[in-house]
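Protein chains in written order, with the numbering used here: chain Z, 100 to 664; chain B, 655 to 1250.
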Amino acid sequence: MSSLRNDIVLEGALNGARPAKIWLRHIRRFGWIYAFGALSVIGTNITESVVPKIVQHAIDGVSKGDLDVARLVAFFALVLVVQAVCRVLWRVTLGRQTHEVSAKMRSLLWNRVRFLPKERLETDLSPGEIMNVAAGDAQTARFIFGFTLVGTIDFIFLIIFNLFFMLTIDVELTMWALVVVPVLPVIMDRLARKESRQHDEAQSSLSNLTDLATQAVGSVRLQRLTRTSAFWIGRLTESARDYRNKRFEVQKTALSFIPVTGVAPLLSLAVLIVLGSRKVLAGEMTIGAFVAMQSYVLLIQGPLIELGTIISEWQRSFTSFRRVADLWHAAEAPLLRTGGEATAKATDPVYEVRDLRFAYPGRERPVIEGLSFRIESGERVGIMGPIGAGKSTLLQILAGLERGYEGRVDLRGREIREYAHAHLRSVIKVVPQKTFLFADTIRANLSLDREMSDEEIWHYLDIAGISEDARGFPKGLDTPLGEWGLNLSGGQKQRLTIARALAAKPEVLLLDDCLSAVDTVTEERILRNLDRELKHCTLLWVAHRDSTLRYCHRLIRLEGVEATA
Amino acid sequence: MSQFLEADESKTTADSSSFFYLLRFTKGLRPRIALALLLLVLSGTFAVVSARLLGLLVEEGLQRGRRDYALVIGGFVLLAEALAVAVTYYGRRRLAEAASLSLLQIREALFARLDLLPMSYFDRQPVGRVVTRLTYDVEGLEDFFSGTLARLLSAVITFAVALLGMMLTDWKLGLLLTAAILPTPFLAVAVRGPVRRWNREFARRNSAINAKLNEFLNGLPVIRSFGVEAWSQREVDRVVYHHLDAALMANWTNAWSRPLILILCAMPLMVLLAVGAPRVLAGALTLGVFVAFVRYCERVSRPVANIAQEIHTIQAAFTSAERVATFLREDEESVTLGADGAVVARHPRGEIEFDGVTMGYDPKRPVLENVSFRIPAGAKIGLAGTTGSGKTTTVALLARLYEFQGGEIRLDGRPIRDFERSSLRDSMGFVSQDVTIYKGTLRENLAGGRALSDERLLEAARETGLTQVFRRSGLGLDTEILDKGANLSLGERQLVALTRILLRDPSILILDEATANIDPGFEALISRAVEKAMRGRTCLIIAHRLATLRDCDRILVFRGGRLIEDGSHEELARGASYYASLLQGKLLDPAAQVPV
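Next up, the structure:
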């Protein structure tokens, strides 16, 4: 079905080409599909415009008494068949392009997003912002690669053909009947703009409501215990009212299309009746032409009414496409792409840190200053210190994920920045403070991009002290987790996170206070397991409770850098 | 994500009883709806009248050369058309208004369920599903009521009136033309299957893409630290191309079905030409009727084609209606927990007694077994034990969040089931790590919807030390607090929660890990505030860091759903107790038996 998918490249998407250029290049590359599609739309238009002419012919024929009914019906049938074929053809060409480009756009978006630097993900390119582009803009932008083109060609040629047939009937009448017509697109455009503005407002009100509902449902237990449900329900109701009002405004605007599109043909109809009947009575026009003229006036208004929509679709799609392209062109994080080719040899020391200093960008006061230490392979080292002393930052630096430091950090005898990202990742694993599990099965969460046997998975679950819990899950290893699956407790999530890191067979394992939600007994057991099972692995962990220090060979104390006030 | 959604939600048999159930939410709006429907019938009638008049104009006016007659009839044609437009507009607007107000009432009823449904319901349902009930499913109804319904009614009414018009004008030809229209709805129903299937797949797989992207965005640190960027791209591409397949199938289904339906729409005109024209030629039919029939054909074909294209919206609306109705009809707390008690708990003394209490969320697997203890009013009691040992359940039972199967719980010597649940919960205060902070002023946040004077608020704030913090960071009662308290530190949020407790003045205070993870700058301040809040109340304190329980009068130690130890910290810490082993984190084998 999707044989074309590999052909869609959207050339220039990732190399900073201007949106219009990317669009043009794509149209040119698939020129023959677009040409064929355009011809199909034009074919549809011709056959649509011919129908009133057939009616005219029939009425005139019967009123004059000489009509070849069989020939007329056969011609009508032919017109209908050609029309249907043309309609099928534009959908399988231009319609299809719309969807194919949509898929490519989203694939390319992730291709860039996965390399974005942390700083931007925390600031202007927040997940919410990226989701807006991926879910909203990409869906809007795809139309200019297909359906909007259909609408545009349809508009132009329907007008041309209808006008042509009308003029062949009667030039004067055509002029008079169409006097009011030019006003139509202007009014429609204004209404369409108003509607789209109101629609945006309603949508943002709706997403507030959804956010609020998510929070409210997520905190039902707390609400009941703290007696705050009345407050939440009040807020939800208020938000629902706001949405209802905004949504009704949209509907009112949408409904005002009815009088506008209804009154304009009335005016034309008035002209036709007054002028037309005079012409018919004067013998300047046949009755069939009189009836057909009315059909044409109605037909020609169709595309004029759509004009506003077409224009705003171009504007909206292009604006969205620009936003998509902006994200495509966002600069990647250097650490993920650069870095040398070095691979770490199993030499000691694992880490040698000299005079490390780190300050967050834009802050003067460093979090870490003048830190030096050395860690041999297989050592177990505890890191202690008050909140804000830079424990997590230190682990990020040692993992090679934070590279904006001063001083020297050597991994197995070479500066850590000289290693390629991919290589560091195969050697070092970090278990962060904040747990994150994918909304997938336990199996998928542990194996990620590798193949793993059940025994292997159970082995790591065992070490992380979660196998007992997992055996109780409804579908064992295939139990889905997350929003639509099983809700795990904080402690269970933390233990699974550890199991996931173990399953990747690290040489260096960095644990960042990742057992805070686990009770002391279980914590003790897990640390004992880690110590026993990971003989050759170098272990560093942020330790809080004194009890967990029993497995440490050594401690690194971070005292925090005093404020110079 | 979606496969889990499918698991028990794929029910597609739309049952109309749900739909009628929801109609009760049109209360107070019914006259408006009736008027709207009447107007839509009128609009259809005007349209048909105008077509017939046009036939008259041609036949009696133009064919016979009577100019004045033609102009008068022409005037009536215009009038009928104008009235049709006016009446359609007004009727649809009334209908849209009534629909949107009914939907608002449905939403309000849904929100009220948050407080009415038992806690056990929410435990069983993933958050996402309940949110879907509250938002997405109502949207489904909204799309139907605000757009489809009116268009559908217009179409059906126009169709019916046009048929009637044709029958009255020339019933034989009318019958024939009706027969020519019929294949259109039949075809529409026939292609409904694949069209709906692929449209639904399209929407479903599209939300799967969004879910995947959203998930990967949130999990990007993990993806990065595991170096599985390439894997993430493969996963994204998998859902993207899965969606593309559905999009192309939907496109293809539309590509053949829509033109086919449009061809069929032209059938009445075709029949009119083939059958009607020869009859006019034979003099069996007047030209006026022929022209009127041409207009009828134009009027009837479009609506029928439109209905055909909206069939899936109707189907979706029925599914949404059913889900919403089911949610509204779900058993309330008053069913699962039994009738509410009659006794209003007004400032109870706070004496708590558990007498052989047994409870299981699933009755076959009890999480509390035969738990008995007595807490005198005003005592400070610590609850200790590993995760899942029964501490949290104990507290939840006290607040009547769940029903228990055996034994009795008493408050001030009276069975807890005798109390009115809301008053019982009112007499309890609960502080945890999660503090609910609303968007609004600090005043609103502290008062929590009650009318309290600024003096009272400030006095309570002074007692907890919140005022002190205000002064330091320049906050005041009128300070706008952002959603979730984003502009407050964790310590400040905690102080707000404690101040609220003072203002609510509950008899029983529950602290659930309230003081874990406090930033050092606040430690002293908060522990003082906690002390203030505990004064004069019965307190239950849950903590993993057992050191926090040192000052309790007594500690209840839970294990596997049983209460195994009960005593002061000193007593328990000394001997070879389970508590002592918890304290030292020494207990290496959780299966080891500890003598009770």
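A virtual CB, placed ideally from N, CA and C, is assigned to each residue, including glycine. As the structure is a computational prediction, the values presented were derived from the model and not from experiment.
So residue i contacts chain Z; which residues on that side make the cut at Cβ distance below 8 Å?
i        : result
LEU916/B : GLN182, ALA183 and ARG186
PHE944/B : ILE158 and VAL161
ILE877/B : ARG213
SER800/B : ARG346 and GLN350
Residues of chain Z with a CB under 9 Å from the CB of residue i: which are they?
i         : result
PRO932/B  : VAL161, LEU166 and VAL168
MET924/B  : VAL172, PHE175, ALA176 and LEU179
GLU735/B  : GLY361, PRO364, LEU365 and LEU368
GLU751/B  : PHE347, GLN350 and LYS351
PRO1020/B : None at all; the shortest Cβ gap to chain Z is about 15 Å.
Which residue marks the beginning of the beta strand (DSSP E) containing residue i, and which one marks its end?
i         : result
ALA183/Z  : Premise fails: ALA183/Z lies in the alpha helix (DSSP H), 168-189, not in any beta strand (DSSP E).
MET1013/B : 1006-1013
LYS1034/B : 1034-1038
VAL1211/B : 1208-1213
GLU451/Z  : 450-457
VAL529/Z  : 527-530
ASN544/Z  : No beta strand (DSSP E) contains ASN544/Z, which is instead part of the alpha helix (DSSP H) from 541-546.
ASP1220/B : 1216-1221
Please state the DSSP three-state secondary structure of residue i.
i         : result
ILE107/Z  : coil
ILE676/Z  : Any answer about residue 676/Z is impossible in this case: the structure gives chain Z only from 100 up to 664.
GLY512/Z  : coil
VAL617/Z  : coil
THR739/Z  : Shown here, chain Z extends from 100 to 664; a query on residue 739/Z therefore has no answer.
VAL1085/B : strand
CYS919/B  : helix
ARG323/Z  : helix
ILE145/Z  : helix
ASP630/Z  : helix
PRO1069/B : strand
GLU1062/B : strand
ILE1252/B : This structure gives no information on residue 1252/B, because the portion of chain B shown stretches from 655 to 1250.
LEU639/Z  : strand
VAL998/B  : coil
ARG1191/B : coil
ARG117/Z  : coil
Kindly list, in the order they appear in chain B, the residues whose Cβ is closer than 7 Å to that of residue i.
i        : result
ARG479/Z : Within 7 Å Cβ-Cβ: nothing; ARG479/Z doesn't reach chain B, min ~17 Å.
LEU547/Z : PHE880, VAL882 and TRP885
Residues in its own chain within less than 8 Å of residue i by CB, not counting five upstream and five downstream?
i         : result
GLU567/Z  : none
ASP1220/B : PHE1027, ARG1208, ILE1209, LEU1210 and VAL1211
LEU795/B  : LEU676, LEU757, ILE760, ALA971, SER974, ALA975 and VAL978
ALA1227/B : TYR1233, ALA1234 and LEU1237
Against residue i, what residues of chain B qualify as contacts under a CB-to-CB distance less than 9 Å, listed in chain order?
i        : result
MET230/Z : ASN864, LEU867, ASN868 and LEU871
LEU308/Z : ARG761, LEU788 and THR789
ALA598/Z : Per Cβ cutoff of 9 Å: no residues; ALA598/Z is ~13 Å from chain B at best.
Leaving out five residues on either side along the sequence, give the residues of the same chain with a beta carbon under 7 Å from the beta carbon of residue i.
i         : result
GLU1022/B : The sequence given here places Leu at residue 1022/B; Glu does not occur at that position. If we look at LEU1022/B and ignore the five residues flanking it on each side, its Cβ neighbours are VAL1011, THR1012, MET1013, GLY1044, THR1047, THR1048 and GLY1215.
ALA946/B  : ALA705, ARG706, LEU708, GLY709 and THR823
Give the range of the alpha helix (DSSP H) segment to which residue i is assigned.
i        : result
ALA763/B : 721-770
ASN868/B : 837-872
PHE417/Z : 386-428
For residue i, collect the residues of the same chain with a Cβ closer than 6 Å to its Cβ; drop the 5 residues on either side in sequence, then sort them by chain order.
i         : result
ASP611/Z  : SER491, LEU494, PRO531, GLN532 and VAL641
VAL285/Z  : none
LYS1240/B : With a pLDDT of only 42 at LYS1240/B, under the threshold of 50, the placement of this residue in the model should not be trusted, and no figure is reported.
GLY1004/B : ALA1031, SER1161, ILE1162 and THR1192
Anything in chain Z within Cβ reach of residue i, meaning under 7 Å, just list it in chain order.
i        : result
ASP722/B : None at all; the shortest Cβ gap to chain Z is about 10 Å.
Quick one: which chain B residues come within Cβ less than 8 Å of residue i?
i        : result
PRO358/Z : VAL739, ALA740 and TYR743
PHE389/Z : VAL712 and LEU716
Using a Cβ-Cβ cut-off of less than 7 Å, list which residues of the region 765-780 of chain B approach chain Z; keep chain order. PHE765, ALA766, LEU768, ASP769, MET773, PHE776 and PRO780
Residues in the region 994-1006 of chain B with C-beta within 9 Å of chain Z's C-beta atoms, listed in sequence order? none
The region 332-346 of chain Z: positions lying closer than 9 Å to chain B by Cβ: ILE332, GLY333, ARG334, LEU335, THR336, ALA339, ARG340, TYR342, ARG343, ASN344 and ARG346
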